[in-house]
Amino acid sequence: MTAPPTGPDLPEARLRARRAHLMAEIHGSPKPARRWMLVAAPAACLLAAVIAAAVIAAPWIDSVKPNPTAQVLPGDRAAALVFLDRLAAAAGVTQPSTPTEGRYLYVKSRIAYMEFTDDGGELDELHDREIWLPLFAGGRGRLKEAERPSDLGVFTAEQVHADLPDDPDELLAKIYAESAGKGHSRDGQAFTVIGDLLSEAMLPARTTAALYQAAAKIPGVELIADAEDAAGRHGVAVARVEQGERREWIFDRESGEYLGERSYLVEDQPYGKAGMITATTAVTARAVVGNLGDRH
Numbered sequence: 000m001t002a003p004p005t006g007p008d009l010p011e012a013r014l015r016a017r018r019a020h021l022m023a024e025i026h027g028s029p030k031p032a033r034r035w036m037l038v039a040a041p042a043a044c045l046l047a048a049v050i051a052a053a054v055i056a057a058p059w060i061d062s063v064k065p066n067p068t069a070q071v072l073p074g075d076r077a078a079a080l081v082f083l084d085r086l087a088a089a090a091g092v093t094q095p096s097t098p099t100e101g102r103y104l105y106v107k108s109r110i111a112y113m114e115f116t117d118d119g120g121e122l123d124e125l126h127d128r129e130i131w132l133p134l135f136a137g138g139r140g141r142l143k144e145a146e147r148p149s150d151l152g153v154f155t156a157e158q159v160h161a162d163l164p165d166d167p168d169e170l171l172a173k174i175y176a177e178s179a180g181k182g183h184s185r186d187g188q189a190f191t192v193i194g195d196l197l198s199e200a201m202l203p204a205r206t207t208a209a210l211y212q213a214a215a216k217i218p219g220v221e222l223i224a225d226a227e228d229a230a231g232r233h234g235v236a237v238a239r240v241e242q243g244e245r246r247e248w249i250f251d252r253e254s255g256e257y258l259g260e261r262s263y264l265v266e267d268q269p270y271g272k273a274g275m276i277t278a279t280t281a282v283t284a285r286a287v288v289g290n291l292g293d294r295h
């Protein structure tokens, strides 16, 4: 029997879950962290007991319910560069300018993340996550997961990404600088940050294009020919492997619409076999609304 990993061996999905939970604990802080860390992974309401159990060595029980798996397909670096260039070119066409003052971005998702307890680990049940993010400085954010609302506090101009450059080199340099010391590596953390911005942020078209162009500059980024989100929709995925775990951003193969993300092991680990899914999400609704709590 093998104990679940701790410290630097934690897979990326679990690190994101722990980070998001810790930020949820300090939502009332007058100076919350930058939004890409505050709402980084859609797992802000994981219970503290689950997080505590994840980092305490405990017997690894083999009788845990089998986890869903993904087929580990080969990745294509050249195809990823072509696809990201296509997304960048389309950003200005598919993303119309929308007034932001006094308005909020509403995103509803179906999500499931790996939970670890004394009895082992398994993917939790798919459930809804709703978030309202102010598109203006001074607005309050709100998160609702498992029917429990959380106040995300007041957002500054920095937290609504008013300061993000639209030059891909400058943008990537900024992400590297502000992510220093986080995650397993600077490239892995940059990939995480960009993915979080794509899933729960509304940026100007030029900045969105720069995000795709910046992603193409990150070593190890590749295209996966087929990927499935938490709603069962298939698409192509821009992906990267970090310490044996692949994180995918899933897009509709025709329209380029962002669908969701998925993480899974690409090689056997002490806590799971290759293909074991550690996280899955699907964006099911997205709208700019006039009031906190509105859905359309």
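Note that numbering that gives the first Met the number 0 gives residue 206 to position 207 of the sequence shown, counting from 1, and the numbers run on in steps of one.
Ideal placement from N, C-alpha and C gives every residue a C-beta, glycine not left out.
Alpha carbon to alpha carbon, what distance is there between residue j and residue i?
i: Val49; j: Ala230; result: For Val49, the predicted model reports a pLDDT of 38, less than 50, meaning its position is unreliable and no value from the coordinates is stated.
i: Ala208; j: His126; result: 31 Å
i: Ala238; j: Ala136; result: 32 Å
i: Asp75; j: Gly101; result: 42 Å
i: Val265; j: Thr155; result: 39 Å
i: Phe190; j: Ile217; result: 7 Å
i: Leu134; j: Leu104; result: 7 Å
i: Thr279; j: Ile110; result: 6 Å
i: Ala69; j: Ile276; result: 6 Å
i: Leu210; j: Pro73; result: 24 Å
i: Lys143; j: Thr97; result: 25 Å
i: Ala87; j: Leu80; result: 11 Å
i: Asp228; j: Ala176; result: 31 Å
i: Ser299; j: Ser149; result: Beyond the ends of the chain as shown, which are 0 and 295, falls residue 299; an answer cannot be given.
i: Gly271; j: Tyr112; result: 14 Å
i: Phe250; j: Ser108; result: 15 Å
i: Gly180; j: Gly194; result: 18 Å
i: Glu253; j: Ala89; result: 12 Å
i: Trp59; j: Glu157; result: A caution first: Trp59 carries a pLDDT of 38, below 50, which makes its placement in the model unreliable, though a value can still be read off. One C-alpha to the other measures close to 43 Å.
i: Ala78; j: Val71; result: 17 Å
Let me check understanding here. Comparing Cα to Cα, which of the options lies closest to residue i?
i: Pro269; options: Pro167, Gln242 and Ala88; result: Gln242
i: Gly234; options: Thr191, Ala281, Asp267 and Gly140; result: Ala281
i: Met201; options: Val220, Met113, His295 and Val287; result: Val287
i: Leu258; options: Asn66, Thr97, Ala236 and Leu104; result: Ala236
i: Pro167; options: Arg205, Tyr112 and Leu196; result: Arg205
i: Arg246; options: Ile223, Asp267 and Arg252; result: Ile223
i: Glu244; options: Leu163, Pro203 and Gly274; result: Gly274
i: Phe82; options: Thr283, Val220, His295 and Asp267; result: Val220
i: Ala161; options: Pro203, Glu124 and Ile193; result: Pro203
i: Val159; options: Ser108, Thr99 and Tyr175; result: Thr99
i: Leu196; options: Leu163, Glu227 and Thr283; result: Leu163
i: Ala145; options: Gly152, Glu124 and Ala87; result: Glu124
i: Ala182; options: Val240, Arg232, Val92 and Pro67; result: Note on residue identity: the sequence assigns Gly, not Ala, to residue 182. The candidate whose alpha carbon is nearest that of Gly182 is Val240.
i: Asp165; options: Leu151, Gly91, Ala226 and Asp225; result: Gly91
Assuming residue i and residue j are in contact, meaning their beta carbons sit under 8 Å apart, how far apart are those beta carbons, in whole angstroms?
i: Glu260; j: Trp248; result: 6 Å
i: Glu121; j: Glu114; result: 6 Å
i: Arg139; j: Leu291; result: 6 Å
i: Val106; j: Arg285; result: 5 Å
I'd like to know whether the C-beta atoms of residue i and residue j end up nearer to each other than 7 Å.
i: Trp131; j: Arg147; result: no
i: Leu171; j: Ala213; result: yes
i: Gln188; j: Ser198; result: no
i: Val192; j: Ile174; result: yes
Please name the residue or residues paired with residue i in a DSSP beta bridge.
i: Thr207; result: Answer is none; Thr207 lacks a bridge partner.
i: His233; result: Glu227
i: Asp75; result: Leu222
i: Gly259; result: Ile249
i: Arg147; result: Glu144
i: Glu100; result: Glu100 is not bridged to any residue.
i: Gln268; result: Gly271
i: Ser108; result: Arg128 and Val282
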